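Quick notes on the structure that follows.
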DNA sequence: GTGAATGCAAATCATTTGCACTCTT
DNA sequence: AAGAGTGCAAATGATTTGCATTCAC
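Chains as they are written, first to last, in my numbering: chain A, 2 to 141; chain B, 2 to 141.
Take a look at the structure:
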């Protein structure tokens with residue numbers, strides 16, 4: 002696991018405390034937070050940081066390939082420091098978003114490629130259902 | 002192909018000219034238009050119709066299961082009168098969005114189900130690449 | 001006639017932008 | 001010192017909401 006600071010430098014980006022905080026937060030969570038969520042989580046450590054900075058930073062990190070943007074069908078984007086193309090599962094009861102293993106993609110992609118005349122370069126796969134915890138709740 | 006009017010009635014909805022126009026437009030296109038696009042296309046026939054009505058109507062039709070909402074990762078939603086869960090391909094050059102065959106889903110779903118403890122009920126699969134026309138353009 | 005649907009304008013929400021100021025390099 | 005990055009406030013764009021009017025039933 003490389004240092005966030007090193008990653009920023011490699012990309013020729015200035016290493017600011019805000020960027021470090023945002024990148025590290027994303028690298029240490031599995032929650033796929035939105036810009037708003039990131040902003041709130043960092044508010045205590047960076048009381049002067051503005052939401053605009055969060056958005057600008059996310060934009061930069063995305064363009065540099067350090068994070069990816071998800072759109073699960075809500076009104077807003079979520080962010081993921083795992084930049085491998087991997088499927089996601091969304092719990093339609095509690096809203097949680099989890100990763101699925103990247104390896105599941107290979108076969109899918111092969112099959113789709115054979116059935117379209119598009120030259121595919123990327124994909125976003127979202128599955129919706131009930132997470133184990135919510136399945137329990139609903140059965141009571 | 003059932004009549005749009007009949008579909009609305011079946012769902013207990015009042016049959017208004019605006020609803021008919023919107024539903025028919027969606028049922029007769031493969032373009033996956035946004036609310037804005039729908040509004041513009043109908044502007045000549047319904048000069049007094051407001052964008053708010055388009056949004057309200059889309060909301061109702063979606064809730065009744067007569068159309069589905071797509072989110073290809075743009076800033077806005079697109080709508081599709083094909084309510085079967087089917088994958089979509091997006092051309093990253095011209096922005097076109099096309100349907101893929103529903104049958105491609107079965108295997109995908111089976112495989113994913115085996116690898117997650119979520120109880121899946123739905124999915125949204127978006128593939129991104131270059132459509133045949135754009136492949137040509139780019140090769141010149 | 002009655003309640004649901006429409007149309008307008010105002011409101012909201014996520015995201016973006018402009019610009020002066022402040023840091024990293 | 002120079003330019004990139006930040007923070008604020010204002011702008012934008014998509015979508016939603018409130019409410020009076022109109023229309024489908």
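Glycine is no exception: its CB is placed at the ideal position from the N, C-alpha and C atoms. Here the structure is a predicted model, which means the values were calculated and not measured.
- At a cut-off of 4 residues, the continuous stretches assigned as alpha helix (DSSP H) that sit fully inside the region 27-51 of chain B are 36-44.
- With respect to residue 24 of chain A, residue 43 of chain A sits apart: the two C-beta atoms are not nearer than 9 Å.
- Taking a cut-off of 8 Å for Cβ pairs, the region 68-85 of chain B and the region 69-80 of chain A touch, as three or more such pairs fall below it.
- A distance of 9 Å or more separates the beta carbons of residue 86 of chain A and residue 62 of chain A.
- Looking at the backbone, the Cα of residue 20 of chain A and that of residue 83 of chain A are separated by about 17 Å.
- Bridge pairing for residue 91 of chain B: B:98 and B:129 [DSSP].
- Secondary structure at residue 118 of chain B: coil, using DSSP grouped into helix, strand and coil.
- Spatial neighbours of residue 26 of chain A in its own chain (CB-CB distance under 8 Å, excluding positions within 5 residues in sequence) are listed in chain order as 34, 39, 42 and 43.
- Contact annotation: residue 88 of chain A and residue 119 of chain B have beta-carbon atoms that are not nearer than 9 Å.
- Between residue 96 of chain B and residue 121 of chain A, the gap from beta carbon to beta carbon reaches 9 Å or more.
- A distance below 9 Å separates the beta carbons of residue 92 of chain B and residue 99 of chain B.
- Contact annotation: residue 128 of chain A and residue 101 of chain A have beta-carbon atoms nearer than 9 Å.
- Below the 7 Å Cβ cutoff, chain B contributes 116 as neighbours of residue 102 of chain A, in chain order.
- Contact with chain B is absent for residue 57 of chain A, since none of that chain's Cβ atoms lies less than 9 Å from the residue's Cβ.
- With a 10 Å radius around the Cβ and a threshold of 16 neighbouring Cβ atoms, residue 125 of chain B comes out buried.
- Of all residues in the region 116-138 of chain B, those with a C-beta nearer than 7 Å to a C-beta of chain A are 116, 117, 118, 119, 120, 121, 122, 123, 124, 125, 126, 127, 128, 129, 130, 131, 132, 133 and 136, reading in chain order.
- Taking CB atoms only, residue 99 of chain B has a neighbour in chain A less than 9 Å away.
- Interface criterion met: the Cβ of residue 72 of chain B is under 9 Å from a Cβ in chain A.
- The contact set of residue 92 of chain B on chain A, defined by CB atoms closer than 9 Å, consists of 119 in chain order.
- Where residue 71 of chain A is concerned, the enclosing beta strand (DSSP E) starts and stops at 69-71.
- Closest in C-alpha terms to residue 31 of chain A, from the list A:90, A:113, A:140 and A:123, comes A:90.
- The beta-carbon of residue 81 of chain A is placed no less than 9 Å from the nearest beta-carbon of chain B.
- Against chain A, the CB of residue 109 of chain B has a partner CB under 9 Å away; the residue lies at that interface.
- Close to residue 113 of chain A, with beta-carbon spacing below 9 Å, are these residues of chain B in chain order: 88, 90, 101, 105, 109, 126 and 128.
- When DSSP states are grouped into helix, strand and coil, residue 103 of chain A belongs to the coil group.
- Residue environment for residue 108 of chain B: exposed (fewer than 16 other C-beta atoms within 10 angstroms of its C-beta).
- CA-CA distance, residue 48 of chain B to residue 28 of chain B, rounds to 21 Å.
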